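Residue numbering for the sequence shown follows my numbering, beginning at 83 and increasing consecutively.
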Amino acid sequence: MAGTGEALEVWIDQDLCTGDGICAQYAPEVFELDIDGLAYVKGADDELRQQPGESVPVPLTLLQDVVDSAKDCPGDCIHVRRAADGVEVYGPDAD
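Below is the structure:
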């Protein structure tokens with residue numbers, strides 16, 4: 083599990099995204115559904131990151147919402163990893 087204050091980043095595997103939108107309900111500051119019906123992460127600039135595997139930092143104040151999104155995602159497509167070493171701490175590839 084991630085330590086407190088550890089820098090984390092999040093990305094979405096659009097190939098697995100079901101377009102359910104649970105993530106955007108939990109953390110609309112981080113996730114948004116695009117016109118294609120799939121969810122994407124967005125940065126502090128509010129721009130969607132649409133390149134495969136493109137990630138954004140997880141704001142510490144939204145960490146629990148992002149983790150809940152990863153846990154409740156029906157597509158199991160939200161990946162949260164440590165920025166320092168890229169190890170997934172929440173999501174389908176977490177230990």
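Ideal placement from N, C-alpha and C gives every residue a C-beta, glycine not left out.
Bear in mind that the values here come from a model prediction, so they are computed numbers and not experimental data.
My understanding is that residue 152 touches residue 135, with C-beta atoms under 8 Å, so please give their C-beta distance in whole angstroms. Not quite, the Cβ-Cβ distance comes to about 16 Å (not below 8 Å), so this is no contact.
Own chain residues within Cβ distance below 6 Å of residue 95, not counting five before or after: 159
Reduced DSSP category for residue 140 - H, G, I as helix; E, B as strand; rest coil: coil
Residue range of the alpha helix (DSSP H) that residue 112 falls in? No alpha helix (DSSP H) holds residue 112; DSSP gives it neither H nor E.
Go ahead and pull the three-state DSSP assignment for residue 98. coil
The alpha helix (DSSP H) that contains residue 152, what's its start and end? 145-154
What's the C-alpha gap between residue 161 and residue 88? When rounded, the distance between both Cα atoms is 16 Å.
Residue 177 and residue 104: beta carbons closer than 8 Å? no
Sort 130, 121, 99 by Cα distance to residue 157 and report the nearest one. 99
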